[in-house]
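Add 698 to the 1-based position in the sequence shown for this note's numbering, that's all there is to it.
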Amino acid sequence: MLVGAIQSLFEAAMYIFVLNWPPAVSKAVSAYFAKFATDSSAAAAIGTPYGTVFSCFMASCLLGSTLFGQLTSSTKVDKNGKSKAISTESFAVGMLGLAAVAMGSATLSIGSSTPRIFSALTSLPVLSTILSPVVALCGNLSTFLSQPGGILSILMLSLFLFESCVGMYFPTIGTLRSKYFPDSHRSVVMNLFGIPLNAMVVTVFLSIEKLGVQGALGVSTMALAVATACGFKLKGLVNEDKK
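Encoded structure:
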C-alpha cells in the first residue's frame, strides 16, 4: 500500500512538473533579461533555450540513476566484511525528501510570496515537519530573488535537482515493487494505483487557470511531501520487522 502510494504521488508530481516547467522557465528567463533590455519588445524577443534545458534535465536524470547504483550497491563492504550499501527504503526517504525540497524551492522562486497551499499544509501535524523548512526558505530567498538572475538561478538549480531525483526514483521504485509486489499481482496493483495518479494530474490541469504555474507546482510539492511521509512509514515498518 505504501509503495503504491509513493508511486502514485511521485509520478503525479512528475507529470505536473513536465507540463509546467516550460512556462515557469520562460517567465524567469524573460524577467531576467528584461532587466537589461532597453525596451519591452527587446526582452520579449529573447527566446528560451528549451533544448538546452531539456538536455541538462536528461544529464541530471542520468546522474541520479548513477548515484542510486553507487549508494545501494551490495558489493560495497567495509574492512569487517559488512555491507556499506544504503537500504532501498532509506534511499527512497532521502530521495523523496530532496525532491520535495527542490520542488518547494522552485515553487517559491517563481512567486512573490508563499503560496496559500503551503500555509494550509504546514498546519497539518504530519506535514509540518517536512514543509516547514521549505517555507522558512521563503524569507531567505526573498532578498536573493530581488537581485538580477536570482529567480532564474534558484529555479534552474531546483529543477535540475528534482530531475536528478527523477533519475533516482525509477530504479528505486522498481526495486521496491519487485520486493513488495508479488509477480502474479504486480500489474493489477500498479494499474489500480494509476487511478489516483491520473485523477490528480487531470484535476490539476482542469484547474490550471485558477492555480497558475505556481499553484500547480505547489500541488506537486504537496504530493511529494505526502510521498515522503509514506516513505518514512515504510522505513519504520521495515525497521520494526528487523527487530
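From the three backbone atoms N, C-alpha and C, an ideal C-beta is built for every residue, glycine too.
Residue i lies in the alpha helix (DSSP H); which residues open and close that run?
i      : result
Phe766 : 748-770
Ala790 : 786-807
Gly745 : No alpha helix (DSSP H) contains Gly745, which DSSP labels as neither H nor E.
Phe879 : Run containing Phe879: none; DSSP gives neither H nor E here.
Keeping to the same chain, check which residues put their C-beta closer than 6 Å to that of residue i; ignore five residues upstream and five downstream.
i      : result
Ala797 : Phe860, Cys863, Leu922
Met898 : Ala710
Ser706 : Phe891, Pro894, Leu895
Met699 : none
Val701 : Leu874, Tyr878
Ala972 : Limits of the chain in this structure are 699 at one end and 941 at the other, which puts residue 972 out of reach.
Ser758 : Phe858, Glu861, Ser862
What residue from the options has the CA that sits closest to residue i's CA?
i      : options                        : result
Leu915 : Val701, Ser706, Ala703, Ala722 : Ala722
Gly913 : Ser807, Lys877, Lys933         : Ser807
Val902 : Met712, Leu761, Ala703, Gly702 : Met712
Gly848 : Val716, Phe731, Met699, Leu700 : Phe731
Thr805 : Gly934, Ile704, Ala726         : Ala726
Gly865 : Leu761, Asp939, Ile852         : Leu761
Ala955 : Val791, Phe789, Met888, Ser771 : Summary: the structure shown does not reach residue 955, with the chain confined to residues 699 through 941, and so no result is reported for it.
Thr786 : Ser876, Val911, Asn889         : Ser876
Val900 : Ile704, Leu935, Ser918         : Ser918
Gly728 : Val716, Ile714, Phe715, Thr746 : The identity of residue 728 in the sequence shown is Ser, whereas the question assumes Gly. Cα-wise, what sits closest to Ser728 is Thr746.
Cys754 : Gly792, Leu855, Ala703, Phe715 : Leu855
Leu932 : Gly792, Met888, Ser724         : Gly792
Gly934 : Ser758, Tyr748, Val751, Ser788 : Ser788
Ala943 : Met756, Ser882, Leu853         : Because the chain here runs from 699 to 941, residue 943 falls outside it and cannot be looked at.
Ser851 : Ala757, Met756, Val751, Ile714 : Val751
Might you give, ordered along the chain, the residues of its own chain that have their beta carbon closer than 7 Å to the beta carbon of residue i, omitting 5 neighbours on each side?
i      : result
Trp719 : Leu857
Arg884 : Arg875
Between which residues of its own chain and residue i is the CB-CB distance below 8 Å, once the five residues before and five after are set aside?
i      : result
Phe708 : Leu794, Ala797, Tyr867, Ile871, Ala921, Leu922, Ala925
Ile704 : Ala790, Leu794, Ile871, Leu874, Ala925, Cys928, Gly929, Leu932
Exercise for the section: Count the CB pairs spanning the region 759-766 and the region 893-907 that are closer than 8 Å, and state whether there are at least three. Expected result: no
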